[in-house]
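Engineer: Attaching a single structure in structure tokens format; questions to follow.
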């Protein structure tokens, strides 16, 4: 069954069957064969505990990133320069919430409840993408996020549509379709500023200057320092290495920046005829690890706002549950 | 009160008239009415559907992947159920 339907019992079923048959090796062979044949693993299939744990960690972090990512952009909704831009930004922020929900659903098919995931986010035991710990200082940042941050996310996410775990891959297909609008609206926004007054152009350039390097960091540490990469590639959760995707992103962005009339803040960025790729400067990994550790400009603010939003929404959840309990008979939706 | 108390619903969307409902994903909601509204907001933000079903996930009975082979076995050895099993002389039409 490809749905999340039986996820609550999935583990019991798998474990029960395993005990009964007493042959984990046979299950493992079937799992390895399915992955090798590029088949998808579905929720109720047997899977190694480490595969399950890796997926929960990755999908949860991804889901958390989507909902924390609503904050830096929502920051500008009330100050969008036109009704058109405001409607676009609201739709985008709403999409991010939707993406979070698709991903939480996918994580739940692995037997981890949503409340548990949110709890781990709120207590700092699970992470979200470090990129959202940077502030959105001007309106142009909304454009830079759409172009660069969503652009980097798309580069990362397109290969995930072929991830070996079915529910994650399906969530990514939906997300990628929607991300395309996010990136284009950002690009259009930056283009408008870049072609505007001198001041607007400077604002766009400043935003690109600030977001470029953190966007490159979104692909994660260099391959030789990435602790989960090799195993994830073997399991076909990951299809390309961090450095490979980062290079792809740089090569995509250079001509796009030219069309925008903006520059990328890297003096070492140049075409390498031999490699048929761009060379680019060294990333400041100290900054990356610092932000990851919680010392970025907005770590505290983001997580506090998330916790508050959850606490302040409690009365809505309570009211909805109370209403449902009262009307259970009428709707016939009583649940265990 | 936590989300634990909100049941899981499976969402099926009919993308246009004439097609059947297809599984789109799942969500949590306290009751059927809110499940429908949430499903509309979550799975049809771009006109992806003209009709939605929400089904309590707990109400779905699924076949077990462990029994996959024996469960579907009976179909595997009956090639005569397929039209390609039969040899028809060339030139015979509308068959």
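Protein chains in written order, with the working numbering: chain A, 4 to 339; chain B, 3 to 97.
Glycine included, every Cβ here is placed at the ideal spot set by N, Cα and C.
Just so we're clear, the structure is a prediction, and the values are computed from it rather than from any experiment.
Let me know if residue 45 of chain B comes out buried or exposed under the rule of 16 or more other beta-carbons within 10 Å of its beta-carbon.
Structural biologist: buried
Engineer: Taking C-beta to C-beta, are residue 232 of chain A and residue 44 of chain A nearer than 8 Å?
Structural biologist: no
Engineer: Take residue 205 of chain A as the anchor and find which of A:256, A:251, A:134, A:147 has the nearest alpha-carbon.
Structural biologist: A:147
Engineer: Report the partner residues of residue 282 of chain A according to the DSSP bridge assignment.
Structural biologist: A:273
Engineer: Span of the beta strand (DSSP E) holding residue 13 of chain B?
Structural biologist: 10-16
Engineer: Checking 8 Å against the spacing of the C-beta atoms, do residue 30 of chain B and residue 9 of chain B come in under that value?
Structural biologist: yes
Engineer: Taking just the CA atoms, how far does residue 79 of chain A sit from residue 48 of chain A?
Structural biologist: 44 Å
Engineer: Given this structure, state the Cα-to-Cα distance separating residue 12 of chain A from residue 79 of chain B, to the nearest angstrom.
Structural biologist: Residue confidence for residue 12 of chain A is low, a pLDDT of 41 falling below 50, so the modelled location carries little weight and cannot support an answer.
Engineer: At a Cβ threshold of 8 Å, is residue 32 of chain B touching chain A?
Structural biologist: yes
Engineer: Would you mind listing the alpha helix (DSSP H) stretches within the region 142-169 of chain A that are 4+ residues and don't spill past its ends, in chain order?
Structural biologist: 143-147, 153-160
Engineer: Please return the same chain residues whose Cβ sits closer than 8 Å to the Cβ of residue 139 of chain A, not counting the five positions on each side in sequence.
Structural biologist: 75, 76, 78, 79, 145, 148
Engineer: Near residue 246 of chain A, what residues of its chain come up, given a Cβ to Cβ distance below 7 Å and the 5 sequence neighbours on each side ignored?
Structural biologist: Excluding residues within five positions, the ones whose Cβ falls inside 7 Å are 225, 226.
Engineer: Roughly how many angstroms separate the alpha carbons of residue 142 of chain A and residue 314 of chain A, rounded to a whole number?
Structural biologist: 29 Å
Engineer: Should the region 106-118 of chain A be called in touch with the region 163-181 of chain A, which here means at least 3 C-beta pairs below 8 Å?
Structural biologist: yes
Engineer: What residues in its chain sit with their C-beta under 6 Å from that of residue 54 of chain A, if we drop five residues either side in the sequence?
Structural biologist: 238
Engineer: With a 10 Å radius around its C-beta and 16 neighbouring C-beta atoms as the bar for buried, classify residue 84 of chain B as buried or exposed.
Structural biologist: exposed
Engineer: With residue 152 of chain A and residue 134 of chain A assumed to form a contact (beta carbons below 8 Å), what rounded beta-carbon distance in angstroms separates them?
Structural biologist: Taking a contact as a CB-CB distance under 8 Å, the pair residue 152 of chain A and residue 134 of chain A counts as one, their CB atoms being some 6 Å apart.
Engineer: Between the region 25-34 of chain A and the region 50-60 of chain B, do at least 3 Cβ pairs fall closer than 8 Å?
Structural biologist: no
Engineer: Taking the alpha carbon of residue 27 of chain B as the point to measure from, which residue in B:41, B:81, B:93 has its own alpha carbon closest?
Structural biologist: B:41
Engineer: Quick one: give me the first and last residue of the beta strand (DSSP E) that residue 258 of chain A is part of.
Structural biologist: No beta strand (DSSP E) holds residue 258 of chain A; the alpha helix (DSSP H) holding it covers 245-263.
Engineer: Give the secondary structure of residue 97 of chain B by DSSP, where H, G and I count as helix, E and B as strand, and everything else as coil.
Structural biologist: Coil at residue 97 of chain B, not helix or strand.
Engineer: If the criterion is Cβ atoms closer than 8 Å, does the pair residue 39 of chain B and residue 101 of chain A meet it?
Structural biologist: Residue 101 of chain A is positioned such that its CB atom lies no closer than 8 Å to that of residue 39 of chain B.
Engineer: Would a C-beta distance cut-off of 8 Å place residue 216 of chain A and residue 122 of chain A closer than the cut-off?
Structural biologist: No, Cβ-Cβ distance for residue 216 of chain A and residue 122 of chain A is not below 8 Å.
Engineer: Is any beta-carbon of chain B found at less than 8 Å from that of residue 319 of chain A?
Structural biologist: At a cut-off of 8 Å, the C-beta of residue 319 of chain A has no neighbouring C-beta in chain B.
Engineer: Kindly indicate which residue of A:120, A:132, A:124, A:64 has the alpha-carbon position closest to the one of residue 299 of chain A.
Structural biologist: A:132
Engineer: Let me confirm a value: residue 93 of chain B is counted as buried when at least 16 other C-beta atoms fall within 10 Å, else exposed. Which label applies?
Structural biologist: Residue 93 of chain B is exposed by the Cβ-count criterion.
Engineer: Do residue 266 of chain A and residue 208 of chain A count as a contact pair if the criterion is CB distance below 8 Å?
Structural biologist: yes
Engineer: Can you tell me where the beta strand (DSSP E) with residue 292 of chain A in it begins and where it stops?
Structural biologist: No beta strand (DSSP E) contains residue 292 of chain A, which is instead part of the alpha helix (DSSP H) from 288-293.
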